[in-house]
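Below is one structure, written out as structure tokens; comments come after it.
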Amino acid sequence: MENTTEHFEHRDDAASKLGMWLFLYTELLLFGGLFLVYSIYRFRNAEAFAECGHHLDLMVGTINTIVLLTSSMTVAMSITALQHGKKKQAIRLLIATIVCALIFMVNKYFEWHHKFEMGTYPGSPTFKSLPHGDGLFYLLYFFMTGLHAIHVIVGSIILIFVIVYIKQDKIRPDKFALHENGGLYWHLVDLIWIFLFPLFYLIH
Amino acid sequence: MSEHLSYLQDSGGRKGIFKWILSTDHKRIALLYLSILSTFFLVAMCIGLSMKLELIAPGRQIMGPQTYNQMFTLHGVIMIFIFIIPGIPAVFGNFILPLIIGAKDVAFPKLNLFSWYLYLAGTLIALSTLLVGHGPADTGWTFYAPYSIRTGTNVTLAVFAAFVLGFSSILTGLNFLTTIHRMRAPGMTWFKMPLFAWALYATSWIQLLATPVVGITLLMIMAERTFGVGLFDPALGGDPVLYQHLFWIYSHPAVYIMILPGMGVVSEIIPTFARRRIFGYRAIAYSSLAIAFIGYFVWGHHMFTSGMSGTARIVFSLMTFLVAIPSAIKVFNWVATLYKGSIDLKTPMLYILAFIFLFLIGGLTGLVNGALATDVHIHDTAFVVAHFHYVMFGGTGFTFFAAIHYWFPKIWGKMYNAKIANIAWGILFVGFNLLYFPMFILGMMGMPRRYYDYPPEFTFWNVVSTVGSWILATGIILMVVNLIRGIRSGEKAPSNPWNSLSLEWQTASPPITENFEEIPVITDEPYQYQKQ
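Chain order of the listed sequences is A and B.
For the first sequence, the tail end lands on 1199 under the working numbering, and the numbers increase by one without skipping.
For the second sequence, the tail end lands on 564 under the working numbering, and the numbers increase by one without skipping.
Printed below as a string of structure tokens:
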């Protein structure tokens, strides 16, 4: 989100940051609807949800949580580094963030792949024969972690743009709104996962 | 008069259609919205006319039940998602908001253009439901489960269209909020801000915080249709009432997205044509916020007969009565502004006076719906349809027409034929009441909504209503033709034909690309008409 138009140069970093925060509110409420549906159906199918939670791979979930938390740290560090004029370090930290995102996605791939082999994915023949509570659990699991994964991908793409702009000096120690906004978005991705992880993997 | 080109002459170095579809100028984007929006309005009007024609007599006239169901769904989806929700914010908000707060553009001009492209994509997806598969959805614009899960018509596509249109609306809201926070002219404190901007501010918060909830709900409908997991369909173990809750958590605040900007227009036009300072400026500003806030907590009144606990119904009914208060405060203040004013009955003012009349009927019948005992009797009858059209068409529709007549010289720098405009207004007003008032009576008599047929005892009022629809359409066509003639060959308008004190009139008409030769400095509160 740049503040330039064809007819006047206008730059307002506070505005673009405000815009990003507003966008994050929207994102939170987008997931909010899903969290609401999750809690209602969890309340009604407590046993099935607890049972299905056992079938998720706690190890993979834990690793992914640590990976995402680390990536949030590196993105915050890269913003600080750039503001102190350490351009190379900022880029390295951003690359570390994207590597974390990749690890997260690869883990996710294997986790989902396993579910596909077991047939517990929405639309599969075995899925239709599952009890209603189990079906709901897996539908919500795929829906919510899938939507989250899309956000991970979008966030990574934004951060790749940030790296390119830092290299081109379009993002500088005196002009880093996009960098900060990319970081904010990344923290949101992290924040949502912090809620998804216990809801699906930990509560039994 | 000015050394700079007006926005209509300044092509930004582009040719042909690219002058428009690549421009990030808020004024050109506003007109892009207007072109699509008015086309769809006329299409949905024709659909409405054909539905009324079907209802001219009992039995099948021109279409069967299936077509009728698809017609009222299409009419609703177009009018709600493509016309009314974007209506005033996307057209007049885009055009006027930066001008009225003394800014050069909105905060994110590129994002603004992107919103328009999302809007365009949404309309195209909505159109595609006509062409593929089993035709347009037949569920009504509310997409109630379980029928929306089971029907073979293009619900998935229609729902996706609403999702995309919703995101366009969110981004517009985000843009306006940032603009109002950051780009007000120097000296324009919050309480020196014009009331149109206040109304858009409240609207934008609703767009931002309510729309994502319906977005995700619509995605869930798509997931359930694709994967057959019982989220909302009771046959699969789902909960249809949960869908209604999620849907109305957005869609009730959404009716305030529709009406609040219209109320902002009223607050601009009344002081201009009554030559009086607005009565109760702060009360009007705060009541916009109050409507936006309380509007979040009344959604349950759509579901009094759907199965809710007695306590929930009483709470939602109480909240519904509370939300009527800020609306009534506004009406009181507008009427108080008129009192002892020197009223000039120009076309925009006529539309506003009609608005107050129609909105009063629409608002008060809303309380009949909001009261528990009466709602059981009139729920899902023509009464609700009449109430909704009085508020939405008589409210938002009429303020939209008022706005286009008011800001017409600002936008095009020309003038329409005022005499024809007034005649069109008269026809519209008569046709409107003839069309919708009988539906109150029919609803009280017990005629249900959304049926292509009815027993013979309802015939008389249905005939009156159908005749009203013809008169209303005549008025609209006359108005549109008059406006188009004005754009093409109207007389040149002075830059401030209404002698308004508002900021948008203090620059050239049509405005130059950067709106003002010099960014104005605000020292006074708005609407200081007594000082003249």
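Even glycine gets a Cβ: it sits at the ideal position worked out from N, Cα and C.
Task: Residue range of the unbroken alpha helix (DSSP H) whose run includes histidine 1050/A - done: Where histidine 1050/A is concerned, there is no enclosing alpha helix (DSSP H), given that its DSSP letter is neither H nor E.
TODO: Rounded to whole angstroms, what's the CA-CA distance from phenylalanine 490/B to isoleucine 114/B? Just pull it up for me.
DONE: Approximately 32 Å between the Cα atoms of the pair.
Task: Residue closest to alanine 540/B, alpha-carbon to alpha-carbon, out of Ile68/B, Lys446/B and Trp502/B - done: Lys446/B
Open item on the list: I need the DSSP call for proline 266/B, collapsed to helix, strand or coil.
Closed with: Three-state result, proline 266/B: helix.
- [ ] Can you check DSSP and say which residues form a bridge with glutamate 523/B?
- [x] Met447/B
TODO: Assign asparagine 998/A to one of three DSSP states: helix, strand, or coil.
DONE: Reliability fails at asparagine 998/A, whose pLDDT of 41 lies under 50, so the model's placement of it is uncertain and the value that follows must be treated cautiously. Three-state DSSP puts asparagine 998/A in coil, outside helix and strand.
TODO: Under 8 Å by Cβ, that's how I've got methionine 103/B and valine 191/B pegged, so tell me the actual separation to the nearest angstrom.
DONE: Not really, about 18 Å apart at Cβ, beyond 8 Å.
Task: Identified DSSP bridge partners for isoleucine 544/B - done: Within the DSSP secondary-structure output, isoleucine 544/B pairs in a beta bridge with Ser38/B and Asn547/B.
Open item on the list: Does threonine 1021/A come out as helix, strand or coil in the three-state DSSP assignment?
Closed with: helix
TODO: Take phenylalanine 336/B as the anchor and find which of Phe329/B, Ser349/B and Ala324/B has the nearest alpha-carbon.
DONE: Comparing Cα positions, the closest option is Ser349/B.
TODO: Identify the continuous alpha helix (DSSP H) that holds alanine 169/B and give its terminal residues.
DONE: Run containing alanine 169/B: none; DSSP gives neither H nor E here.
Open item on the list: Per DSSP, what are the beta-bridge partners of proline 118/B in this structure?
Closed with: Looking at the DSSP assignment, proline 118/B forms no beta bridge with any residue, so it has no partner.
TODO: For proline 480/B, write down the residues that DSSP places opposite it in a beta bridge.
DONE: Thr413/B
Task: Cβ-based neighbour list, methionine 252/B, same chain, cut-off 7 Å, excluding 5 preceding and 5 following - done: So the list reads Leu263, once near-sequence residues are dropped.
Open item on the list: For lysine 1123/A and alanine 229/B, what's the separation of their Cα atoms in angstroms?
Closed with: 52 Å
TODO: Would you please state the rounded distance, in angstroms, between the beta carbons of isoleucine 120/B and valine 363/B? I believe it to be under 8 Å.
DONE: Going by Cβ atoms, the distance from isoleucine 120/B to valine 363/B rounds to 18 Å, so no, they are not a contact pair.
- [ ] Classify lysine 1170/A as helix, strand or coil using the three-state DSSP reduction.
- [x] strand
- [ ] Return yes when at least one heavy atom of the ligand FMN lies under 7 Å from the C-beta of proline 293/B, else no.
- [x] No copy of the ligand FMN occurs in the structure displayed, which carries no ligand at all.
Open item on the list: Would proline 1117/A pass as an interface residue toward chain B - the criterion being a Cβ-Cβ separation below 8 Å?
Closed with: Residue contact check for proline 1117/A against chain B: a CB pair falls below 8 Å.
Open item on the list: Could you compute how far the alpha carbon of tyrosine 1133/A sits from the alpha carbon of isoleucine 1152/A?
Closed with: 28 Å
TODO: Check whether the Cβ atoms of leucine 1013/A and threonine 210/B lie closer than 8 Å to each other.
DONE: yes
TODO: Anything in the stretch 238-251 of chain B with a Cβ closer than 7 Å to a Cβ of chain A? List those residues in chain order, please.
DONE: Leu240, Leu241, Pro244, Val245, Gly247, Ile248 and Thr249
TODO: Within its chain, find whatever has a CB closer than 7 Å to the CB of histidine 1002/A; leave out the 5 residues flanking it on each side and keep chain order.
DONE: For histidine 1002/A, the predicted structure reports a pLDDT of 46, less than 50, and the residue's modelled location is therefore unreliable. The matter cannot be settled from this model.
Task: CB contact below 8 Å: histidine 213/B versus chain A - done: Chain A, which has a Cβ nearer than 8 Å to the Cβ of histidine 213/B, makes this yes.
Task: DSSP state of glutamine 1163/A mapped onto helix, strand, coil - done: coil
Open item on the list: Using C-beta distances below 7 Å, list every residue in its chain close to leucine 1051/A, excluding the 5 sequence neighbours before and after it, in chain order.
Closed with: Cβ within range, chain order: Phe1195 and Tyr1196.
- [ ] Using three-state DSSP, classify tryptophan 602/B as helix, strand or coil.
- [x] Lying outside 33 to 564, the shown extent of chain B, residue 602/B is not represented and no answer is given.
Open item on the list: Distance check for valine 408/B and serine 338/B, CA to CA, integer angstroms please.
Closed with: 10 Å
Task: aspartate 265/B versus isoleucine 181/B - alpha carbon distance - done: Rounded to whole angstroms, the separation of the alpha carbons of isoleucine 181/B and aspartate 265/B is 7 Å.
Open item on the list: Tell me which residues of the stretch 123-146 of chain B have at least one Cβ-Cβ distance to chain A shorter than 8 Å, keeping chain order.
Closed with: Lys136, Asp137, Ala139, Phe140, Pro141, Lys142 and Leu143
Task: Closest Cα partner of tyrosine 484/B within the set Ala414/B, Met477/B and Arg214/B - done: Ala414/B
Task: Cβ neighbour criterion (16 or more within 10 Å) applied to serine 341/B - done: exposed
Task: Whether threonine 379/B touches histidine 437/B by CB criterion (8 Å) - done: yes
Open item on the list: Excluding the 5 residues flanking lysine 563/B on each side, which residues of the same chain have their C-beta closer than 6 Å to its C-beta?
Closed with: For lysine 563/B, the predicted structure reports a pLDDT of 47, less than 50, and the residue's modelled location is therefore unreliable. The matter cannot be settled from this model.
Task: Among Leu232/B, Phe311/B, Tyr383/B and Thr243/B, the one whose alpha carbon lies nearest that of serine 320/B - done: Leu232/B
Task: Near-chain B residues of the stretch 1013-1026 of chain A - C-beta to any C-beta below 9 Å - done: Leu1013, Gly1014, Leu1017, Phe1018, Tyr1020, Thr1021, Glu1022, Leu1023, Leu1024, Leu1025 and Phe1026
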